[in-house]
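Undergrad: Keeping their order, the protein sequence lines are chains L and Z.
Mapped onto the working numbering, the consecutive letters of the first sequence carry residue numbers 11 to 242.
Mapped onto the working numbering, the consecutive letters of the second sequence carry residue numbers 16 to 183.
Please read through the structure below; I'll follow up with questions.
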Amino acid sequence: MTGSELLVQRFVDQELSAEERVQLLVRLGRDEDLRQRVIALERLSLEASQLPRPVVPEGFVAQVLAQTTAPAPAPAWWNRFAASLWTPHVFEWNLAGAAAAACVALLAVGGVVVGVRSSSTAPNAPPTPVTASVAPLTERVLVRLVVVHPGARTVEAAGDFNGWNPTETPLEQASNGAWTVTIPLEPGRYEYQFVVDGEQWIADPFAVEQNDDGFGSSNAVLDVRPPTGASL
Amino acid sequence: MLVSRHARSILSVTSRMLGQTADAEDVAQETFVAAFRSLARFQFDAKFSTWLYRIAVNKCTDALRARRPTVSLDQPADDDTTPAWQPLDDATPEWELEQVELAWELDKGIEALPYIYRESFVLKHIEGLGYDEMSAILGVHRDTLKMRVYKARTLLCRSLAHLRSVRT
């Protein structure tokens, strides 16, 4: 998003200061395309706010009240679970089965211990966002995002690939303060940022291309090419 | 009464989130029933309407997942049942017809938005909420919501420009 686009979006959101409004008006006087864009956005905003609301059907309130006075049904999974508690079961054991169960239990405990050890944090150091690497799949491309941020407690990625919802793409802590995640992406162009500790949004400075995100910082741009000859 | 006061807003949200389908009314009812049943958990530091919106949005997400378990919520809905919309009292027939056409085009555009952009656009521009309240409803950072609304506006402007150029 360009500086002018940012001003326009903030204008539609009614967030501009007096100085910024003057700045926008000056730009509108010089740029016909920008003026048309503002008109389209304002028109959209107005029409959306004037969209008719649906009629509340007759009996709607009565039906809600009838449902609220009826006892709440127990969820089906709870019924099954409760029934299973009171249903007699016969457990048959033999030596092989017991040994297999013991192995599974040991493996599970081992996995938890390894996970706890690997989550310990490295000493503080300045963040060094790195870059992304790709490996081809049949239709999608596996993209590996890597950032070095030893002081971080959590690192997530937010971008066009997950609707800018950082919670959907958490990075895992690797060695030496590196954080990494591998995501399957269809070929295309994606913008993204890293989110450190749930609140600090940072771009990937090693990305080949960056775009102004319109909110005071930059988005890294990731071009994912088709699997044949994929490279960043 | 609480249901009467908030019914139109909640029905408006469920209708537009679910692409104006017949089960929008069911989901609106479920929203109020769920709210009544968990009234004891309502935090009085939040607005009641914010809490209701949050329940409605969650119910819409559940309904979409149940309707199409194999399809991502980013996919647009394609159901085409039309609900009853309320005309304004003082409208002329010509004005009303134009408004109906505009609303139809805009509703189609909103319906075609990816779900996460649609919910942000509906709350921002149809329900007129601020980003802070939207953040409380959706549990998403306000900067992320700004980005989603920006993308929704851009997509809608593009699709409406196409629709209108086809008509003229």
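Where a beta carbon is used, it is the ideal one built from N, C-alpha and C, also for glycine.
Leaving aside the five residues before and after aspartate 38/Z along the sequence, list all residues of the same chain whose C-beta is less than 7 Å from its C-beta, in chain order.
TA: Counting from 1 along the second sequence, the entry for residue 38/Z is found at position 23. Hits under 7 Å: Ala78.
Undergrad: Does the distance from the CB of threonine 78/L to the CB of valine 48/Z come in under 8 Å?
TA: Taking the first sequence and counting its residues from 1, one reaches residue 78/L at position 68. Taking the second sequence and counting its residues from 1, one reaches residue 48/Z at position 33. Their beta carbons are under 8 Å apart, which means threonine 78/L touches valine 48/Z by this criterion.
Undergrad: Show which residues of chain L have a CB atom less than 8 Å away from the CB atom of threonine 65/Z.
TA: The residue labelled residue 65/Z in the question sits at position 50 within the second sequence. Under the 8 Å cutoff, chain L gives no residues; its nearest Cβ is about 19 Å from threonine 65/Z.
Undergrad: How long is the line joining the alpha carbons of arginine 173/Z and serine 228/L, rounded to whole angstroms?
TA: Locating residue 173/Z in the second sequence gives position 158, counting from the first residue. Locating residue 228/L in the first sequence gives position 218, counting from the first residue. Their backbone Cα atoms lie some 24 Å apart in a straight line.
Undergrad: Nearest to glutamine 44/Z by CA position, among Phe63/Z, Val18/Z, Glu109/Z and Ile141/Z, is which residue?
TA: For the purposes of this step, residue 44/Z is taken as the residue at position 29 of the second sequence. It is Val18/Z whose Cα lies nearest to the Cα of glutamine 44/Z.
Undergrad: If I'm right that arginine 63/L touches arginine 20/Z with Cβ under 8 Å, what's the distance once you round it to whole angstroms?
TA: Counting from one through the first sequence, the residue named residue 63/L turns up at place 53. Counting from one through the second sequence, the residue named residue 20/Z turns up at place 5. The Cβ separation is near 13 Å, so there is no contact.
Undergrad: At a CB distance below 8 Å, what residues from the segment 160 to 190 of chain L approach chain Z? Give them in sequence order.
TA: So the close ones are Ala168, Gly173, Trp174, Asn175 and Pro176.
Undergrad: Please confirm whether phenylalanine 136/Z and leucine 128/Z have their CB atoms less than 8 Å apart.
TA: Sequence index remark: in the second sequence, residue 136/Z carries index 121 (1-based). Sequence index remark: in the second sequence, residue 128/Z carries index 113 (1-based). Their beta carbons are under 8 Å apart, which means phenylalanine 136/Z touches leucine 128/Z by this criterion.
Undergrad: Just grab the DSSP bridge partners of aspartate 233/L for me.
TA: One-based indexing of the first sequence puts residue 233/L at position 223. Bridge partners of aspartate 233/L: Arg199/L.
Undergrad: Does the beta-carbon distance from alanine 213/L to isoleucine 141/Z come in below 8 Å?
TA: In the first sequence, counting from the first residue as 1, residue 213/L sits at position 203. In the second sequence, counting from the first residue as 1, residue 141/Z sits at position 126. Their beta carbons are not under 8 Å apart, which means alanine 213/L does not touch isoleucine 141/Z by this criterion.
Undergrad: Please name the residues in the segment 56 to 80 of chain L whose beta-carbon is closer than 7 Å to at least one beta-carbon of chain Z, in chain order.
TA: Flagged, chain order: Glu57, Ala58, Ser59, Leu61, Pro62, Arg63, Pro64, Val65, Val66, Pro67, Phe70, Val71, Gln73, Val74, Gln77 and Thr78.
Undergrad: Considering only residues of the same chain and omitting the five flanking positions on each side of threonine 65/Z, which have a CB-CB separation below 7 Å?
TA: Locating residue 65/Z in the second sequence gives position 50, counting from the first residue. Cβ neighbours of threonine 65/Z beyond the five flanking positions: Glu148, Ala151 and Ile152.
Undergrad: How long is the line joining the alpha carbons of arginine 154/L and threonine 192/L, rounded to whole angstroms?
TA: Position 144 of the first sequence holds residue 154/L. Position 182 of the first sequence holds residue 192/L. If I take the Cα positions, the gap works out to 4 Å.
Undergrad: I'd like to know if the segment 65 to 78 of chain L and the segment 115 to 132 of chain Z are in contact, where contact means that at least 3 CB-CB pairs between them fall below 8 Å.
TA: Result no; under three Cβ-Cβ pairs closer than 8 Å.
Undergrad: In whole angstroms, what separates the C-alpha of valine 164/Z from that of valine 156/L?
TA: The residue labelled residue 164/Z in the question sits at position 149 within the second sequence. The residue labelled residue 156/L in the question sits at position 146 within the first sequence. Computed Cα separation, rounded: 28 Å.
Undergrad: Please report whether the beta-carbon of cysteine 172/Z lies at a distance below 8 Å from any beta-carbon of chain L.
TA: Position 157 of the second sequence, counting from 1, holds the residue named residue 172/Z. Yes - at least one Cβ of chain L is within 8 Å of the one on cysteine 172/Z.
Undergrad: Check whether the Cβ of leucine 147/L lies closer than 8 Å to any Cβ atom in chain Z.
TA: By 1-based counting over the first sequence, the position of residue 147/L is 137. With a pLDDT of only 48 at leucine 147/L, under 50, the local geometry of the prediction cannot be trusted, and the value read off the model is given with reservation. It does not: the Cβ of leucine 147/L has no partner Cβ on chain Z nearer than 8 Å.
Undergrad: Does the Cβ-Cβ distance between aspartate 121/Z and leucine 61/L come in under 8 Å?
TA: On the second sequence, position 106 is the one that residue 121/Z refers to. On the first sequence, position 51 is the one that residue 61/L refers to. The question names aspartate, but residue 121/Z is leucine in the sequence shown. Yes, they are a contact pair.
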